[in-house]
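Going letter by letter, the sequence shown gives residues 0 to 117 in my numbering. Cβ atoms here follow ideal geometry from the backbone N, Cα and C, with glycine treated the same way. Because the structure is a prediction, the values reported are computed rather than measured. Only one structure is covered here, and it is reproduced in the block below.
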Amino acid sequence: MPANATDTSFQACVQDSCEGTWTAGSITWLNRTATLSVTIFKPEGVDYSATAIFDAFAGTTKIDTQTRTMRTSADRQEFPAFTIGDPNLVGGINRIRVQLCENDTTPPFCGIQQNFWR
Numbered sequence: 000m001p002a003n004a005t006d007t008s009f010q011a012c013v014q015d016s017c018e019g020t021w022t023a024g025s026i027t028w029l030n031r032t033a034t035l036s037v038t039i040f041k042p043e044g045v046d047y048s049a050t051a052i053f054d055a056f057a058g059t060t061k062i063d064t065q066t067r068t069m070r071t072s073a074d075r076q077e078f079p080a081f082t083i084g085d086p087n088l089v090g091g092i093n094r095i096r097v098q099l100c101e102n103d104t105t106p107p108f109c110g111i112q113q114n115f116w117r
């Protein structure tokens, strides 16, 4: 981890109780971007997919969006770490918004957006 990096843990759920589908991981804040480590959890054997949505902001301006979708019937899926943000943005990003959605309905059923700041 670079000397100027700091970590923030996160969790976001589809339902308030987090008893069904939820995601958790960490945000490593870098100079202008962040690296996310993400795992999605859902009840074993269910046949719907779940999508975690990550929006990166500089102030109130959205800079980047990344999604990760779990399509298996397993009870958890860990995704490879990924970078979000713009490495050329002076000042970089300072907030990441996380939301998790179950994709078995139209429109998808999504939990409350959670915000995490540098």
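Report task. Since I believe Ala-33 is in contact with Ile-111 (beta carbons under 8 Å), could you give me their beta-carbon distance rounded to a whole number of angstroms? Result -> Contact between Ile-111 and Ala-33 does not hold, since their C-beta atoms are separated by about 21 Å, which reaches or exceeds 8 Å.
Report task. Run through the stretch 58-101 for me and flag every whole beta strand (DSSP E) of 3 or more residues, listed as ranges in chain order. Result -> 60-69, 75-84 and 94-101
**Report entry** Burial state of Glu-77, where buried means 16 or more other Cβ atoms lie within 10 Å
**Finding:** exposed
Query raised in the report: What distance in whole Å lies between the Cβ atoms of Gly-24 and Thr-38, which are believed to be in contact at a cut-off of 8 Å?
Result: Yes, they are in contact, since the Cβ atoms of Thr-38 and Gly-24 sit about 6 Å apart, within 8 Å.
Report task. Note down the Cα distance separating Ile-92 from Ile-62, rounded to an integer number of angstroms. Result -> 8 Å
Requested in this report: Excluding the 5 residues preceding and the 5 following Thr-66 in the sequence, name in chain order all residues of the same chain whose CB lies nearer than 6 Å to its CB.
Outcome: Hits under 6 Å: Thr-50 and Ile-52.
Report task. Starting from the Cα of Arg-70, find the closest Cα among Leu-35, Val-89, Ala-55 and Asp-103 and give me that residue. Result -> Per the C-alpha coordinates, the member of Leu-35, Val-89, Ala-55 and Asp-103 positioned closest to Arg-70 is Asp-103.
Query raised in the report: From Arg-117, Asn-30, Ser-48 and Ser-8, pick the residue whose C-alpha is nearest to that of Cys-100; which is it?
Result: Measuring from the Cα of Cys-100, the nearest candidate turns out to be Ser-48.
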